[in-house]
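Novice:
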Amino acid sequence: MKIVQKDFSISTKKRNQLIDITSQVSSIVGQSGVTNGDAIVYCPHTTAAITINENADPSVIHDILLTLEEVIPHHRPGYQHFEGNSDAHCKSSLVGCSEQILVKGKKLYLGTWQGIFFCEFDGPRGRKVYVQICGE
Amino acid sequence: MKIVQKDFSISTKKRNQLIDITSQVSSIVGQSGVTNGDAIVYCPHTTAAITINENADPSVIHDILLTLEEVIPHHRPGYQHFEGNSDAHCKSSLVGCSEQILVKGKKLYLGTWQGIFFCEFDGPRGRKVYVQICGE
Amino acid sequence: MKIVQKDFSISTKKRNQLIDITSQVSSIVGQSGVTNGDAIVYCPHTTAAITINENADPSVIHDILLTLEEVIPHHRPGYQHFEGNSDAHCKSSLVGCSEQILVKGKKLYLGTWQGIFFCEFDGPRGRKVYVQICGE
Chain Y
56 MKIVQKDFSI STKKRNQLID ITSQVSSIVG QSGVTNGDAI VYCPHTTAAI
106 TINENADPSV IHDILLTLEE VIPHHRPGYQ HFEGNSDAHC KSSLVGCSEQ
156 ILVKGKKLYL GTWQGIFFCE FDGPRGRKVY VQICGE
Chain H
56 MKIVQKDFSI STKKRNQLID ITSQVSSIVG QSGVTNGDAI VYCPHTTAAI
106 TINENADPSV IHDILLTLEE VIPHHRPGYQ HFEGNSDAHC KSSLVGCSEQ
156 ILVKGKKLYL GTWQGIFFCE FDGPRGRKVY VQICGE
Chain G
56 MKIVQKDFSI STKKRNQLID ITSQVSSIVG QSGVTNGDAI VYCPHTTAAI
106 TINENADPSV IHDILLTLEE VIPHHRPGYQ HFEGNSDAHC KSSLVGCSEQ
156 ILVKGKKLYL GTWQGIFFCE FDGPRGRKVY VQICGE
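Residue numbers (the working numbering), protein chains in the order written: chain Y, 56 to 191; chain H, 56 to 191; chain G, 56 to 191.
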């Protein structure tokens with residue numbers, strides 16, 4: 056059994072943005088020496104998140120961001136947090152700050168249309184992603 | 056330490072449906088030979104999800120589907136994805152495509168009222184579930 | 056490779072409340088003897104959840120609870136569950152009943168502003184939290 060931990064950095068360009076990080080995670084899996092097990096992808100920020108969704112048609116990402124913006128708008132009467140980014144904290148807790156993906160045959164065992172996305176909700180900023188590959 | 060990976064198939068019958076898959080996951084745990092560790096239950100589809108909630112009173116599931124439908128309706132002005140199932144992609148990212156459950160004494164260590172559900176948001180379809188049991 | 060499983064109890068005081076449980080989880084990590092690996096924090100209840108968010112400014116928590124209350128109000132026409140807590144079941148499935156955090160150098164590898172929270176959505180009640188530390 057083997058555990059490999061690796062961090063990488065990304066730069067986001069907009070306040071709300073989903074960035075496909077599948078290739079970065081795949082490459083950590085490939086270098087890990089793990090054949091079967093799982094990958095944890097973790098966001099150490101409280102105004103961002105990790106999700107898995109379709110990376111074939113970019114309009115899917117557009118529609119997810121539109122929905123999040125309408126359900127959790129930037130400003131809401133009653134918000135107390137002085138930084139003005141309470142919506143980003145809410146989106147972070149609802150989307151969730153990590154994902155786990157199985158590793159099979161030395162590769163991420165994703166579905167056909169699935170990609171891994173870093174979700175920026177209060178950019179643009181420099182951000183980190185933590186990855187752990189565990190298995191045999 | 057042991058890793059067991061297994062897939063199974065299900066057929067969904069409606070556009071929106073929660074299907075209790077606790078017994079399928081339990082049976083993989085029972086056959087895995089793992090005493091203590093954890094189970095990952097993973098959905099490889101971008102318009103479906105996995106959740107854990109009450110499986111005693113079926114009205115709980117009814118009320119969860121009702122809430123999701125009202126917060127994220129099928130159609131929303133501004134959606135660009137040509138397949139007309141953007142709501143399903145949003146629900147998938149909000150509910151999340153996987154769950155993890157501890158394994159203790161060779162059994163799923165669920166709470167008294169908890170069951171594991173496959174969440175269909177764009178059915179009816181044939182679907183897959185990936186499971187990994189890891190432990191000693 | 057080592058697996059340590061431990062439960063602890065908490066008492067919630069309000070119907071909706073986020074309780075910082077970072078120190079309890081940290082202390083289980085410290086006693087586990089694990090240097091590198093991961094921690095699973097799991098809520099065995101169907102009207103509560105686990106999330107990771109900012110634990111520096113308490114107004115963030117206020118604003119998350121406010122948003123959840125407005126998006127998923129206590130009562131909604133059409134709810135069928137007789138206990139009157141369907142909103143709590145929905146919040147549980149959307150926030151999610153578990154989180155995973157990497158363990159690095161014998162410590163939780165959280166981001167600077169991140170804390171782990173137990174989310175009560177149908178309190179006040181006595182509640183349990185399950186923790187597993189796995190690693191080497």
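C-beta: ideal position from N, C-alpha, C; glycine also.
Counting only Cβ pairs nearer than 7 Å, list the residues of chain H close to G:G92.
Specialist: Per Cβ cutoff of 7 Å: no residues; G:G92 is ~11 Å from chain H at best.
Novice: Name, please, each residue of chain H whose Cβ falls closer than 8 Å to the Cβ of G:I156.
Specialist: Those do not exist, as G:I156 stays about 12 Å from chain H at its closest Cβ, beyond 8 Å.
Novice: In angstroms, rounded to a whole number, what distance separates the CA positions of Y:L123 and Y:D177?
Specialist: Looking at the two C-alpha atoms, the distance is approximately 13 Å.
Novice: Which same chain residues end up closer than 7 Å to G:V80 when comparing Cβ atoms and leaving out the 5 residues on each side of it in sequence?
Specialist: A94, V96, L163, I171 and V186
Novice: May I ask you to report which of helix, strand or coil DSSP gives Y:C174?
Specialist: strand
Novice: Could you tell me the alpha carbon to alpha carbon distance between H:T101 and G:C145, rounded to whole angstroms?
Specialist: 20 Å
Novice: At what residues does the beta strand (DSSP E) containing Y:C189 begin and finish?
Specialist: G181 to G190
Novice: If we count the other Cβ atoms within 10 Å of its Cβ and call it buried at 16 or more, is H:S82 buried or exposed?
Specialist: exposed
Novice: Can you find a C-beta in chain G that's less than 7 Å from the C-beta of Y:P99?
Specialist: yes
Novice: Going by the CB atoms, is the gap between H:T77 and H:C174 shorter than 7 Å?
Specialist: no
Novice: Looking at the secondary structure, which residues open and close the alpha helix (DSSP H) in which G:E125 lies?
Specialist: S114 to V126
Novice: Is it buried or exposed, H:G190, if we count other Cβ atoms within 10 angstroms and call 16 or more buried?
Specialist: buried
Novice: Quick check on the burial criterion: 16 or more other C-beta atoms within 10 angstroms. Buried or exposed for H:P99?
Specialist: buried
Novice: How many angstroms separate the CA atom of G:I58 from the CA atom of Y:L73?
Specialist: Cα to Cα, the separation comes out at about 35 Å.
Novice: In chain Y, which residues lie with their C-beta within 7 Å of the C-beta of G:D112?
Specialist: H136
Novice: Report the residues of the region 170-186 of chain Y with a CB closer than 7 Å to any CB of chain H, ordered along the chain.
Specialist: none
Novice: Over what stretch of residues does the alpha helix (DSSP H) that includes G:I83 continue unbroken?
Specialist: G:I83: member of the alpha helix (DSSP H) spanning T77 to S87, first to last residue.
Novice: Would you verify that the beta carbon of H:G151 is, or is not, closer than 7 Å to some beta carbon of chain Y?
Specialist: yes
Novice: With H, G and I counted as helix, E and B as strand and the rest as coil, what does DSSP make of H:L165?
Specialist: coil
Novice: When the cut-off is 7 Å and only beta carbons count, does G:H144 lie next to chain Y?
Specialist: no
Novice: Look at the Cβ atom of G:I65, then the Cβ atom of G:R180, and state whether they are nearer than 7 Å.
Specialist: Going by beta carbons, G:I65 and G:R180 fall outside the 7 Å limit.
Novice: Classify H:A111 as helix, strand or coil using the three-state DSSP reduction.
Specialist: coil
Novice: With 16 other CB atoms within 10 Å as the buried threshold, where does Y:G139 fall?
Specialist: Exposed, because fewer than 16 other Cβ atoms sit within 10 Å of the Cβ of Y:G139.
Novice: Looking at the unbroken beta strand (DSSP E) that takes in H:K61, where does it start and where does it end?
Specialist: Residue range K57 to S66 is occupied by the beta strand (DSSP E) that includes H:K61.
Novice: In the DSSP output, which residue or residues are listed as bridge partners for G:L157?
Specialist: G:D93
Novice: Just list the residues that DSSP pairs H:A103 with in beta bridges.
Specialist: H:E175
Novice: Measuring only the C-alpha atoms, how far is H:F137 from G:V84?
Specialist: 48 Å
Novice: Where DSSP assigns a beta bridge to H:Q72, which residues make up the other side?
Specialist: H:E175
Novice: Give the straight-line distance between the Cα atoms of Y:T167 and Y:A111, rounded to the nearest whole angstrom.
Specialist: 10 Å
Novice: Does the distance from the CB of H:Q86 to the CB of G:S153 come in under 7 Å?
Specialist: no
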